[in-house]
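Number of protein chains: 4
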Amino acid sequence: MTRRERKEGITKQRKQQIFDAALKVFSKKGFDQATIPDIAQEAGVAVGTIYNYYQSKHDLLLSIIKGYIVTESFIGLLEQPPESSSAAAFISSLINERLSIGLDNADVMQLLMSEIQHDPELRRQYTEQVVVPNFKLLEEYLGLRIAKDTFRLSNIPIVVRALIGMIIGLAIISKIEGETGLMRRIPRQVLVAEVTKLILEGIERK
Amino acid sequence: MTRRERKEGITKQRKQQIFDAALKVFSKKGFDQATIPDIAQEAGVAVGTIYNYYQSKHDLLLSIIKGYIVTESFIGLLEQPPESSSAAAFISSLINERLSIGLDNADVMQLLMSEIQHDPELRRQYTEQVVVPNFKLLEEYLGLRIAKDTFRLSNIPIVVRALIGMIIGLAIISKIEGETGLMRRIPRQVLVAEVTKLILEGIERK
Amino acid sequence: MTRRERKEGITKQRKQQIFDAALKVFSKKGFDQATIPDIAQEAGVAVGTIYNYYQSKHDLLLSIIKGYIVTESFIGLLEQPPESSSAAAFISSLINERLSIGLDNADVMQLLMSEIQHDPELRRQYTEQVVVPNFKLLEEYLGLRIAKDTFRLSNIPIVVRALIGMIIGLAIISKIEGETGLMRRIPRQVLVAEVTKLILEGIERK
Amino acid sequence: MTRRERKEGITKQRKQQIFDAALKVFSKKGFDQATIPDIAQEAGVAVGTIYNYYQSKHDLLLSIIKGYIVTESFIGLLEQPPESSSAAAFISSLINERLSIGLDNADVMQLLMSEIQHDPELRRQYTEQVVVPNFKLLEEYLGLRIAKDTFRLSNIPIVVRALIGMIIGLAIISKIEGETGLMRRIPRQVLVAEVTKLILEGIERK
DNA sequence: AATGAATGAGCTTTCATTCAT
DNA sequence: GATGAATGAAAGCTCATTCAT
Chain G
1 MTRRERKEGI TKQRKQQIFD AALKVFSKKG FDQATIPDIA QEAGVAVGTI
51 YNYYQSKHDL LLSIIKGYIV TESFIGLLEQ PPESSSAAAF ISSLINERLS
101 IGLDNADVMQ LLMSEIQHDP ELRRQYTEQV VVPNFKLLEE YLGLRIAKDT
151 FRLSNIPIVV RALIGMIIGL AIISKIEGET GLMRRIPRQV LVAEVTKLIL
201 EGIERK
Chain U
1 MTRRERKEGI TKQRKQQIFD AALKVFSKKG FDQATIPDIA QEAGVAVGTI
51 YNYYQSKHDL LLSIIKGYIV TESFIGLLEQ PPESSSAAAF ISSLINERLS
101 IGLDNADVMQ LLMSEIQHDP ELRRQYTEQV VVPNFKLLEE YLGLRIAKDT
151 FRLSNIPIVV RALIGMIIGL AIISKIEGET GLMRRIPRQV LVAEVTKLIL
201 EGIERK
Chain F
1 MTRRERKEGI TKQRKQQIFD AALKVFSKKG FDQATIPDIA QEAGVAVGTI
51 YNYYQSKHDL LLSIIKGYIV TESFIGLLEQ PPESSSAAAF ISSLINERLS
101 IGLDNADVMQ LLMSEIQHDP ELRRQYTEQV VVPNFKLLEE YLGLRIAKDT
151 FRLSNIPIVV RALIGMIIGL AIISKIEGET GLMRRIPRQV LVAEVTKLIL
201 EGIERK
Chain D
1 MTRRERKEGI TKQRKQQIFD AALKVFSKKG FDQATIPDIA QEAGVAVGTI
51 YNYYQSKHDL LLSIIKGYIV TESFIGLLEQ PPESSSAAAF ISSLINERLS
101 IGLDNADVMQ LLMSEIQHDP ELRRQYTEQV VVPNFKLLEE YLGLRIAKDT
151 FRLSNIPIVV RALIGMIIGL AIISKIEGET GLMRRIPRQV LVAEVTKLIL
201 EGIERK
């Protein structure tokens, strides 16, 4: 390893260190209540050091949120459903994957939801890069399944929003209930199985 | 009306005036970005006047959130389902009422969700007064229906959370999509009907 | 005097108090070295109070400089020379008036000259509002006198710049030499008389 | 050349490199607005390197200003007028040389004038080493010429200050008017000739 | 009870300076 | 000698809160 490489490694590590600290503090206190000294202390660096890696507090927020957006978005695009898989399997894997992301990143999601309200540019980005394409993808898929006679006829855009909304809401409830709440105690696969069944079959007895 | 009563009436009215202004400004800008001068201007009073009615900015926030909690909670308790009504009708009216509250108060809900994270005491209150009793109520009701063979057997706590989560998530999506988004353009009863059907029947063709 | 009038009087007085303190501190330390706490202390108010009267430190600078620019400019426009007065009398009164302004406001002038270099907008304003019109006025006047055979033929723009430059330079020298320097010890009218004679007759013996 | 000599040569060169960069950046942005990273980049060295050659930012400023003072002063002392040359020729060469220095170094001069106000020690040095000796020299010379009946009788100290002041003022006006201003478009010799004539003969028709 | 000017603690950000490499 | 990341003091500015009127 050359000296340059080692240096770059340290730099990257230091940036990550600050990123992690910011994520933690933002999650705990919210963006406005979090202070740069808070983050510096959490990261174990001086205040000024943060500004060697991020242009501003807002930049730090963006880099956290954008990382999350990209994750959300790319995975969404990658998982284009193979024609072969059954409808139930697709819904199940969709819920599994999405719900996991939501539950595991509840902190960032909460942060995102909160900041999106007051930052129009952020909202535009999130809408364009995440909401619209993901909704579109799902709508197309559901349309296909209806055409194939697998799903019943319904107002697709509403169903898509209800489905995604349910996942978002579950993540939020999980966060409100906290570490000891039901959502964290139930095995992930049980949760996914039950929610999948709800979406596919509803609660009514046939 | 005695002089004392008239005075109290004016006082109450003035307090309401400030409350409304604070609700509006907090909803629009979020707690931290909202300033007392903002609220004073919106209420049409001087900055100092606000402190004659509320002890602090935080006190103002609490009174708004508590008001919302009470509303949510009381309505939840009042609407105990008559044994007579059909399962479908109950679910439909539940979704209708809850979703309406969520959509119409998306701003306050957002505020609540955000502040709950950073104020443990607030979270405790919300959990105890709203989350737990409402979840319990629904769980009991669903259990009853299952016993009556109207609903299929399922993991009740998860279904309850999925149902409530869906409503929360729909309110959030509605807020993200904004004024011109789909959620605001669809007639409320269409929305409710479709979501109700989804919950009752699922999306799979029988 | 009504209560409102008294209040406005106090407000005006407070603003002046801050203005004076800022002028003093800026003059002594220069714009960048002067701090808001410096000015606050000099004015005998709290830091925050300054921001109740001026939007920013830069705004405070502008208000000082603009006051000076207006003074310089308006007087220049008002003193349009009557056709009747003799050339010598005009030059004498011009030097008298201008030099007095320069000497009495050497601090602000110094400040202006310094900040003009780094603030293009300020430079544009100063050039448009002071330099160009004043130079033009003088050029026209000198042209008139040449046509009337009172002044010898010369490159008018250069003469104008040399004349104004001399006044500026004298003010600067006065400031460098300080309180005990020659420029402050000589009676103003002697100074004016000598400079006037220099401009009119030169130093060569005829 | 020994190794030691070569090393010292490199050292000297590096110091000059930093000096030049600092001069450039200070001139452009002013002392306070200029940053050490600015200067380092302009010099093509690292920030830390600057501190191997200069103790502080202020030290760098001093070394620049002192260099300029020495230049101004030495040239002033060196050009002692030969008795032989005519009065007109002396005044002309004085204006030519001084005005050229002023115009070509307007940036440094500006810097000097600005910093002199806030640094008493610097002012003392400048006064003692530049102002006093140069004024004295000129005063003596003018006195001589008056005695020789070449110049008319006048208040010599004032005339000296007016003459030097004119040169300073012209440099400043040149800077205010900027690249496209009149002062930069007129050929240097025309400027010098006109100013010389003004000083010698004045503007009045004889 | 209503007012709003005054306050100053506390925020984000900058940058001269240091020092381990 | 050269480097540039780390540092933290100190700046400009905001705004919740107070209190004399």
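Chains as they are written, first to last, in my numbering: chain G, 1 to 206; chain U, 1 to 206; chain F, 1 to 206; chain D, 1 to 206. By construction, the Cβ of each residue, glycine as well, lies at the ideal position given by its N, Cα and C atoms. This one's a predicted model, so the numbers in the text were calculated from it and none came from an experiment.
Item	Value
Euclidean distance between Cα positions of D:G30 and F:K12	34 Å
Assigned secondary structure, G:E179 (DSSP; H/G/I helix, E/B strand, else coil)	coil
Residue from D:Q17, D:N96, D:Q41 whose Cα sits closest to the Cα of D:I64	D:Q17
Backbone secondary structure at F:F26 - three-state DSSP	helix
F:T180 classed as buried or exposed, judged by whether at least 16 other C-beta atoms fall within 10 angstroms	exposed
Touching by the beta-carbon criterion (3+ pairs, under 8 Å), the segment 133–149 of chain U and the segment 175–189 of chain U	no
With 16 other Cβ atoms within 10 Å as the buried cut-off, status of G:L62	buried
is_contact[U:D149, chain G] using C-beta, thresh 8 Å	yes
U:E72 versus G:S86: straight-line alpha-carbon distance, rounded	41 Å
For G:F151, the residue or residues it bridges with in DSSP	U:E204
Residue of G:Y68, G:L163, G:V132, G:L153 minimising C-alpha distance to G:D107	G:Y68
Beta-carbon spacing of D:I199, D:L144 below 8 Å	no
Selection of the segment 174–206 of chain G by Cβ proximity to chain U, strictly under 8 Å	K175, I176, E177, G178, L182, M183, I186, V190, L191, E194, V195, K197, L198, I199, L200, E201, G202, I203, E204, R205, K206
Contact the segment 188–204 of chain F vs the segment 146–164 of chain D: 3+ CB pairs below 8 Å	yes
Cβ-Cβ distance between U:L191 and G:I158 below 8 Å	yes
Within-8 Å CB hit, G:L170 to chain U	yes
Within 8 Å, strictly: CB atoms of D:M109 and D:A46	no
Beta-carbon neighbours of D:S154, restricted to chain F and to distances below 8 Å	E194, K197, L198, I203
Proximal residues, the segment 100–125 of chain F versus chain D, C-beta separation under 8 Å	Q110, M113, S114, I116, Q117, H118, R123
Start-end ranges of the alpha helix (DSSP H) lying completely within the segment 57–133 of chain F, minimum 4 residues	57–78, 87–104, 106–116, 120–126
Test: D:V25 CB closer than 8 Å to a CB of chain F	no
Closer than 8 Å to chain G by CB, U:P37	no
DSSP state of D:G44 mapped onto helix, strand, coil	coil
Within 8 Å, strictly: CB atoms of F:Y53 and F:R14	yes
Closer than 8 Å to chain U by CB, G:Q129	no
8 Å Cβ cutoff met for D:F26 and D:L153	no
Neighbourhood of F:D20 by C-beta distance below 8 Å, restricted to the same chain and skipping five residues each side	A43
Proximal residues of chain U, C-beta to C-beta of G:I164 below 8 Å	G169, I173
Contact with chain D by F:R161, beta-carbon distance below 8 Å	yes
Close-in-space but distant-in-sequence residues of the same chain around D:L77 (CB under 8 Å, 5 per side omitted)	Because the pLDDT at D:L77 is just 48, under 50, the model does not fix this residue reliably, and the value given afterwards should be weighed accordingly. Only P133, L137 meet the Cβ criterion.
Test: D:K66 CB closer than 8 Å to a CB of chain F	no
Whether G:L122 touches G:E128 by CB criterion (8 Å)	no
Rounded straight-line distance, which links the Cα of F:I101 to that of F:P187	15 Å
Under 8 Å between C-beta atoms of U:G169 and G:M166	yes
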